[in-house]
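Here the structure is laid out as structure tokens; the discussion comes afterwards.
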Amino acid sequence: MAGVHESLYFNPVLANGVVHANVFGVRDWVTPHKMALLVLLSELGRAGERLGLLERRRLNRLLLPLLQGPDMALWRLRKAIEECCPRLAGSVHIRLKLMAEGELKDMEQFFDDLSDSFSGTEPEVHKTSVVGLFLRHMILAYNKLSFSQVYKLYTALQQYFQKDEKKDGADENEMELTNPEELDGKMEKEELDGPLREEEIACSGPLSQKQAEYFLSQQASFLKNDETKALAPTSLQKELNNLLKFNPDFAEAHYLSYLNSLRVQDVFSSTHSLLHYFDRLILTGAESKSNGDEGYGRSLRYAALNLAALHCRFGHYQQAELALQEAIRIAQESNDHVCLQHCLSWLYILEQKIFDSCVLLEHSVSKSLHFGLPYLASLGIQSLVQQRAFAGKTANKLMDALKDSDLLHWKHSLSELIDISIAQKTAIWRLYGRSTMALQQAQTLLSMNSLEAVNVGVQQNNTESFAVVLCHLAELHAEQGYFAAASEILKHLKERFPPNSQHAQLWMLFDQKIQFERAMNDGRYHVADSLVAGITALNSIEGVYRKAIVLKAQNQMSEAHKLLQKLLIHCQKVKNTEMVIRVLLATAELYWRSSCHTIALPVLLQALALAREYSLQYLASETLLNLAFSQLILGIPEQALNILHMAIEPILAHGAVLDKGCAMFLVAKCQVASAASYTPQKKIEALESAILNLNEAKTYFAKVDCKEQLRDVLYFQARLFHTLGRTQERNKCAMLFRQLHQELPAHGVPLINAFK
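Residue numbers for the sequence shown follow the numbering used here, so the first one is 350 and each next one is one higher.
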């Protein structure tokens, strides 16, 4: 299930990705890149109506990120302008060439001419517009330069232009040495790769205040909504260190460094950056200015709260409790109810690690609604739903509770929580075994996220909710035998969430589980065994369970039994009911294989009682199928058929293809066993019906490439056809059986084998 409390990390400054800072001594200065932008604006004004409407619209959309963003190489700037208007790109290049290869007075004359843009009754540029403010800042910054600084600027402009000329020359030589096919492939790859973000950020000196603010807000927005578009952790940290080198008291840079360290699970660096953020926040007086005398105390209590959240995220619960107690004490002294509600939510999370209690959470939800904190109230409701789902509450009650939280989301436009709610519903339906409902909820979230853009070029579909839903979707497709579709979904997940991203572990686990199931179906137990280590690293309980399954398949019964017993004790201790039931079913199968059929019955009855108590319908149906198999072995096939008719419907409606095949195979076995006491005519009808069910089971097994089960079905069919005297069909089944038997490991094929 989605971790619904991940969004509780409170950040009073980087709210909505906007940085509020004024810690730079110099607001702006002239650089060669900004001079190139000034030339672009000048040429844009000269072009006037000669530019088409579409070209002007493209240029206007390009200008804002160019004015706000960091300096970039001239060849990259020219490429961006060429995509909008090739003629204008040529004019800009010629004008820069004349200035760079001319004399210093040409640059002086250029800045003198810029002031003419504001003159006249209808000026080209309004003084208060974005472009007008940029021009005025540049003119003012240039006029403040001394003669030596002007000369350095002119020299920098020449070097800036010469680098571009050298690159053009190198590209021409490469074109001469490269054949056209290779060149086309290279150009196509460069277009697909997009801009080199590290190059765009790289600069020889410190960023201006506006550039730093834009850089931090952009990267913070990327980390929240679309981590793949953010700089790589090492590159981002390098740029942040460069910022802090010129201004160590830049608090927001420390906070972004904290977020960046969280991406790579670096405990020391994230703690260090978080403490520095709040220290700098107090030193710069940013909180005191906005909150009066309370600013200092506010920073301290939120520093303690964030520190508690950080320790809780890394599993340091004792340190988290101490930090949380400190935050509560300071918040109580200051009578800060908002901070206290955040503390109460984290207190519930910490106490949940020790014992299950809904009292704190219910109190937190009511208080959050009282103090007008819908975001926190909704997170509390969803946590309450998650806890009650594990406690065995029925689905209709949980969906009613989620409906109440959805009303809060739509009322207050909390789009992020809408996504979390839908992901939560998907996980709940999967827990209860209703795959059709889970699929519907997953498709709902995917449709919503494909329509709503958070920012220019950023889709809010790289959040944890989206990852959870896509993982469930991949598993659902794999269960139905659509392995190619599941691979496509996992491929998409790998692109959306690279291995170094914070939600990558979700798809890694599902990928390993799907590969494990395929290897087990195909009888490649050595491959499945090699995947166990990867699953254990991501989820220890799943890893131990899969190891026991492999040992059982390899007929190492005593080792598998020991492992399952240890896992059962651990799962009962941590109250993982779903895994307890699965372990009990695997243990019952071990008893069957060891010919201890009577011992398996109490184990299955215990599993059935748990499944019904916790409303796990699909697991209850699966347990009933196992009970039916036990009764078949014990010689009461009629009773087994009665149980099957009661349990098979949920399996066929919501089950995996392999489970459907096993269920139909079991029905056929029970029909054959029951037919022994029938009259000859009725016996023939029963055997014909069994053959039809075997055909259906064979279709299911073929869909998931389960060769071992296919071999058993063919053997069983051949025996039935022989009994009915249908020689041609018998020989066909016998031939197919022989082909599979030669591929698979040679061991006996009993008439009644294990259920799965």
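Think of the CB as a built atom: it goes at the ideal place given N, C-alpha and C, for glycine as much as any other residue.
(message) Could you check whether A977 and A960 sit closer than 7 Å to each other, using their CB atoms as the reference points?
(response) no
(message) For H1003, tell me which candidate among S732, L950, A787 and L757 has the shortest Cα-Cα distance.
(response) A787
(request) Measure the C-alpha to C-alpha separation of L408 and P414 and round it to an integer number of angstroms. (result) Across the structure, L408 and P414 are spaced so that their CA atoms are roughly 11 Å apart.
(request) Report buried or exposed for K746, applying the criterion of at least 16 other Cβ atoms within 10 angstroms of its Cβ. (result) exposed
(request) Would you give the residue range spanned by the alpha helix (DSSP H) that A1051 belongs to? (result) Element bounds for A1051: P1029 to K1052.
(message) Check this for me: beta carbons of S907 and A949, under 7 Å apart or not?
(response) no
(request) Determine the direct distance from the alpha carbon of N655 to that of A672, and round the result to whole angstroms. (result) 9 Å
(request) Compute the Euclidean distance between the alpha carbons of E813 and I771, then round it to the nearest angstrom. (result) 12 Å
(request) Report the residue ranges of all beta strand (DSSP E) runs contained in full by the stretch 596 to 680; include only those spanning at least 3 residues, in chain order. (result) Taking only runs of at least 3 residues, no beta strand (DSSP E) segment lies wholly in the stretch 596 to 680.
(request) Tell me whether K911 is buried or exposed, calling it buried when 16 or more other Cβ atoms sit within 10 Å of its Cβ. (result) exposed
(request) Decide if C945 is buried, meaning its Cβ has at least 16 other Cβ atoms within 10 Å, or exposed. (result) C945 counts as exposed, since fewer than 16 other beta carbons sit within 10 angstroms of its beta carbon.
(message) Distance check for L605 and H382, CA to CA, integer angstroms please.
(response) If I take the Cα positions, the gap works out to 26 Å.
(request) Pull up the distance between the alpha-carbon of T1028 and that of L1069, whole angstroms please. (result) 17 Å
(request) Run the CB neighbour count on G1074, radius 10 Å, all protein chains shown included, and call it buried at 16 or more, exposed below. (result) exposed
(request) Look at the alpha carbon of L728 and the alpha carbon of S943, and state the distance between them as a whole number of angstroms. (result) 49 Å
(request) Output yes or no for whether 7 Å exceeds the beta carbon distance between L506 and M384. (result) yes
(message) Once the 5 residues before and after I550 are set aside, which same chain residues still bring their CB inside 8 Å of it?
(response) Low confidence applies to I550: its pLDDT is 44, below 50, so where it sits in the model is not reliable, and the reading given next is rough at best. Answer for I550: P419, F564, L580, S584 and E588, listed in chain order.
(message) Taking 8 Å as the limit between beta carbons, can you name the residues of its chain near D542, skipping five residues before and five after?
(response) With a pLDDT of 35 at D542, under the threshold of 50, the predicted position of this residue should be treated as unreliable, though the coordinate-derived value follows. The same chain holds no residue with a CB closer than 8 Å to that of D542 once the five nearest residues on each side in sequence are set aside.
(request) Since I believe K1009 is in contact with Y1049 (beta carbons under 8 Å), could you give me their beta-carbon distance rounded to a whole number of angstroms? (result) 5 Å
(message) Taking the straight line between their C-alpha atoms, what separation do you get for E1057 and Q851?
(response) 39 Å
(message) Within a Cβ cutoff of 7 Å, which residues of the same chain sit near Q568, ignoring the five residues on either side of it in sequence?
(response) A579, L580, L585 and L605
(message) Given this structure, state the Cα-to-Cα distance separating E682 from A652, to the nearest angstrom.
(response) 15 Å
(message) My output table needs one value for Q851: the three-state DSSP class, helix, strand or coil.
(response) coil
(message) Rounded to whole angstroms, what is the Cα-Cα separation between M797 and D768?
(response) Distance between the alpha carbons of M797 and D768: 9 Å.
(request) Compute the Euclidean distance between the alpha carbons of N925 and A740, then round it to the nearest angstrom. (result) 10 Å
(message) Which residue wins for smallest C-alpha separation from N888, given the options Q773, L900, V899 and L858?
(response) L858
(message) Measuring only the C-alpha atoms, how far is I677 from F571?
(response) The alpha-carbon atoms of I677 and F571 are separated by roughly 32 Å.
(request) Pull up the distance between the alpha-carbon of N1080 and that of I1040, whole angstroms please. (result) 15 Å
(request) Helix, strand or coil for V474, going by three-state DSSP, please let me know. (result) coil
(request) Within the same chain, show all residues whose beta-carbon is closer than 7 Å to that of G892, passing over the 5 residues directly before and after it, in chain order. (result) V881, I884 and T885
(request) Identify, in the order they occur along the chain, each residue of the same chain with its Cβ nearer than 6 Å to the Cβ of A827, setting aside the five sequence neighbours on each side. (result) A835 and I863
(message) If I measure Cβ to Cβ from L693 and keep anything under 6 Å in the same chain, skipping five residues before and after, which residues do I get?
(response) S713, listed in sequence order.
(request) Could you spell out the range, first to last residue, of the alpha helix (DSSP H) harbouring E431? (result) L423 to C433
(request) Take every Cβ of the stretch 432 to 452, pair it with every Cβ of the stretch 481 to 500, and state whether three or more of those distances are shorter than 8 Å. (result) no
(request) Inspect the beta-carbon positions of I698 and A738 and report whether they are closer than 7 Å. (result) no
(message) Please report the distance separating the alpha-carbon of A937 from that of Q921.
(response) 17 Å
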